[in-house]
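Chemist: Below: one structure in structure tokens.
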Amino acid sequence: MRILLAAALLPFAATPAMAQQWYRVGGNDNTMSYVDLASLRPLGDKVIGDVESVYIQPIGEGIIAAKIRTEFNCQAKNFRTLEYSFYAPSGKYLRTEPSETLNEIKTPKPNSINEAILDFACFRKGGTAVANPFTDAPTQF
56 MRILLAAALL PFAATPAMAQ QWYRVGGNDN TMSYVDLASL RPLGDKVIGD
106 VESVYIQPIG EGIIAAKIRT EFNCQAKNFR TLEYSFYAPS GKYLRTEPSE
156 TLNEIKTPKP NSINEAILDF ACFRKGGTAV ANPFTDAPTQ F
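See the structure below:
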């Protein structure tokens, strides 16, 4: 019986973790924004995925980056933020918390970083492949 259980669990143990595929989609003098193509998943008529914002210098409690789980409504061209995961300058994970604006539907302003993020997440418009947002962002500021 134990052998059967071990054999049944073997395919799960051998499955590699999902690889990340980061694309730089926008930025300004203070922030670079990235979308993880591999994280984008359809959920009904929406798309859920990860956006990462890397800051030129730490904010708040030493936060240099925030990975933002986002829900995109591609048809309506709006989005809402679901949760934030924060990272230290070393790349060390600090914490995750629900978005304070979870129930707000946001429409990106024309030519904004948020519009570029939505365009990439929904329509694969724009974006430059990068290996790692933490190492790419400092070269862009």
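So the mapping is simple: the working numbering equals the position in the sequence shown, first residue as 1, plus 55.
The beta-carbon is built from N, C-alpha and C at its ideal position, and this holds for glycine as well.
Since Asp-174 sits in a beta bridge, which residues does DSSP pair it with?
Modeler: For the purposes of this step, residue 174 is taken as residue 119 along the sequence shown, with counting starting at 1. The partner list for Asp-174 (beta bridge, DSSP) is empty, contrary to what the question assumes.
Chemist: Use the C-beta contact count for Ile-123: other C-beta atoms within 10 angstroms, 16 or more gives buried, fewer gives exposed.
Modeler: Taking the sequence shown and counting its residues from 1, the one referred to as residue 123 is at position 68. Buried, since its Cβ has 16 or more Cβ neighbours within 10 Å.
Chemist: How would you call Tyr-142, buried or exposed, if buried means at least 16 neighbouring beta carbons within 10 angstroms?
Modeler: Along the sequence shown, one-based indexing puts residue 142 at 87. Buried, because 16 or more other Cβ atoms sit within 10 Å of the Cβ of Tyr-142.
Chemist: Starting from Ala-93 and walking both ways along the alpha helix (DSSP H), at which residues does that stretch end?
Modeler: Position 38 of the sequence shown holds residue 93. That residue, Ala-93, is in no alpha helix (DSSP H); it is neither H nor E in DSSP.
Chemist: Determine the contact status of Asp-105 and Thr-125, defining contact as a CB-CB distance below 9 Å.
Modeler: Position 50 of the sequence shown, counting from 1, holds the residue named residue 105. Position 70 of the sequence shown, counting from 1, holds the residue named residue 125. Closer than 9 Å, so yes.
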